[in-house]
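Trainee: The structure that follows is given in the form of structure tokens.
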Amino acid sequence: MLERFRGADLSHVTERARRSFGDDVMILHTRMVRDGGVPMVEVLAAPATALERVRARLEPAAFRTLLKQPGARPYCIALVGPTGAGKTTTAAKLAARRGLFGAARVGLVTIDTYRVGGMEQLSTYADLADVPFEVVYDASEIDAALKRMSACDVIIVDTPGRSPASAELNERWRTLLDAFKPDEVHLVLPATLRGDLALHVAHAYGASREHRGATHMLLTKLDEVPRETGIADLALSLELPTRWIADGQDVPTDLKPGVSRILRGYGLPADAETDWVHA
């Protein structure tokens with residue numbers, strides 16, 4: 000779908016791209032590189048249908064009505080991912096961003112009872128955003144916590160960072176998360192992560208017979224990535240839809256619509272409004 004072409008000058012490189020994709024080829028990105036010490040022009044090109052094909056791979060399903068009926072469970076969005084990916088800060092952004100879920104009322108829950116200071120950090124964000132906050136240690140506490148948050152239409156669940164060295168700990172918190180019956184599970188990954196490592200992490204958070212896997216990706220730290228196309232390449236390789244990305248530490252402003260921001264990495268136009276909820 001996307002291909003890079005290199006050559007000594009731009010005219011020859013674009014001609015090669017045209018022969019591969021046709022006269023209506025889309026030139027997405029051009030830069031100077033060195034190949035074996037020799038300066039070269041590199042072009043990222045795609046067929047004219049690329050925009051819709053890329054968007055189709057990244058576009059999440061539209062939210063159903065988030066305003067719940069009396070007695071119903073809230074819509075549950077869980078954030079999972081490795082240590083240091085930015086899950087807690089992202090959870091705070093999602094809860095504090097006014098209008099992100101339309102008129103739906105948002106609450107915060109953490110099951111990350113292992114990290115020193117993690118609960119206190121999220122509790123502080125919840126106080127500042129004036130949203131309900133609960134800490135859940137065990138599946139037996141979920142019903143009571145949800146009852147206390149009965150006014151919430153959406154809950155954001157923060158989880159511990161996954162430690163490959165502790166299978167018992169991973170099994171414990173993933174079983175606890177499953178008890179929430181999350182509607183969406185967002186794999187939070189730093190955009191600075193090497194592609195092969197990102198795929199390894201995504202595989203670790205995949206679905207199994209015992210646990211629900213990641214349903215979406217949420218890239219963070221986009222402000223630390225020097226090359227825009229690298230963000231888009233990483234996103235496409237994970238083959239998960241995306242609702243949001245994070246491009247800084249500020250709560251709640253450094254949260255953006257995912258598809259539009261990723262397409263920008265290819266120089267493709269997109270309507271940023273389509274990724275937000277208007278209800």
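In numbering that gives the first Met the number 0, the protein residues as written are 0 to 278.
Quick reminder that beta carbons are idealized off the backbone N, C-alpha and C, glycines included.
Compare the Cα-Cα distances from Leu127 to each of Ala91, Gly83, Arg260, Leu198 and report the closest residue.
Mentor: Ala91
Trainee: For Gly286, count neighbouring Cβ atoms within 10 angstroms of its own Cβ and tell me buried if that reaches 16, exposed if not.
Mentor: Since the first and last residues shown for the chain are 0 and 278, residue 286 lies out of range.
Trainee: Please report how far the alpha carbon of Gly212 lies from the alpha carbon of Ile110, in whole angstroms.
Mentor: Between the C-alpha atoms of Gly212 and Ile110 there is a straight-line separation of about 17 Å.
Trainee: What first and last residue would you give for the alpha helix (DSSP H) that runs through Gly194?
Mentor: Per DSSP, Gly194 belongs to the alpha helix (DSSP H) from 194 to 203.
Trainee: Pull the bridge partners of Phe179 from the DSSP assignment, please.
Mentor: Phe179 is not bridged to any residue.
Trainee: Note down, in chain order, each residue of its chain lying with its Cβ closer than 6 Å to the Cβ of Thr134, except the 5 sequence neighbours on either side.
Mentor: A small correction: the amino acid at residue 134 is Val; Thr does not occupy that position in the sequence shown. Cβ within range, chain order: Thr109, Met118.
Trainee: Could you name the residues of the same chain whose beta carbon sits closer than 8 Å to that of Gly194, not counting the 5 residues immediately before and after it, in chain order?
Mentor: Asp232, Leu233, Ser236
Trainee: Using the Cα positions of Pro138 and Asp177, report the straight-line distance between them to the nearest angstrom.
Mentor: According to the sequence displayed, residue 138 carries Ala and not Pro. Distance between Ala138 and Asp177, taken at the CA atoms: about 9 Å.
Trainee: My understanding is that Met294 touches Gly85, with C-beta atoms under 8 Å, so please give their C-beta distance in whole angstroms.
Mentor: Residue 294 falls outside the range modelled here, since the chain spans only 0 to 278, and no answer is possible.
Trainee: Excluding sequence positions up to five away, which residues of its chain have a Cβ less than 6 Å from the Cβ of Thr214?
Mentor: Glu183, Val184
Trainee: Let me know the secondary structure DSSP gives Arg114 once reduced to three states.
Mentor: coil
Trainee: Following the continuous alpha helix (DSSP H) through Val258, name the residue where it begins and the one where it ends.
Mentor: 257 to 263
Trainee: Out of Ala190, Lys255, His199, Thr64, which one is the CA nearest neighbour of Ile230?
Mentor: Ala190
Trainee: When DSSP builds the beta bridges, which residues end up paired with Ile155?
Mentor: Ile76, Leu107
Trainee: Do the stretch 33 to 48 and the stretch 6 to 16 meet, that is, are 3 or more Cβ pairs less than 8 Å apart?
Mentor: Yes, the stretch 33 to 48 touches the stretch 6 to 16.
Trainee: How is Asp137 classed by DSSP in three states: helix, strand or coil?
Mentor: coil
Trainee: Which residue comes first and which comes last in the alpha helix (DSSP H) that contains Phe4?
Mentor: Unbroken run through Phe4 is the beta strand (DSSP E), 2 to 6; no alpha helix (DSSP H).
Trainee: Could you give the uninterrupted runs of the alpha helix (DSSP H) lying entirely in the stretch 3 to 56, keeping only those of 4 residues or more?
Mentor: 9 to 20
Trainee: Where His210 and Asp34 are concerned, what is the direct C-alpha to C-alpha distance, given to the nearest angstrom?
Mentor: 45 Å
Trainee: Grouping DSSP H, G and I as helix and E and B as strand, with all else coil, what is Arg242?
Mentor: In this structure, Arg242 counts as coil in the three-state DSSP scheme.
Trainee: Residue range of the beta strand (DSSP E) that Thr219 falls in?
Mentor: Thr219: member of the beta strand (DSSP E) spanning 215 to 219, first to last residue.
Trainee: With a Cβ-Cβ cutoff of 7 Å, do Arg114 and Cys151 count as a contact?
Mentor: no
Trainee: Considering Ala94, what are the terminal residues of the alpha helix (DSSP H) in which it resides?
Mentor: 86 to 95
Trainee: Enumerate in chain order the residues of its own chain whose CB-to-CB distance from Val276 is below 6 Å, with the five nearest sequence positions on each side excluded.
Mentor: Caution applies to Val276, whose pLDDT of 46 falls short of 50 and renders its modelled position unreliable; the model cannot decide the point.
Trainee: Compute the distance between the beta-carbons of Ala303 and Ile155, then report whether it is under 7 Å.
Mentor: In the structure as shown, the chain begins at 0 and stops at 278. Residue 303 is therefore absent and cannot be evaluated.
Trainee: Expressed to the nearest angstrom, what Euclidean distance is found between the alpha-carbon atoms of Ala245 and Arg161?
Mentor: Looking at the two C-alpha atoms, the distance is approximately 20 Å.
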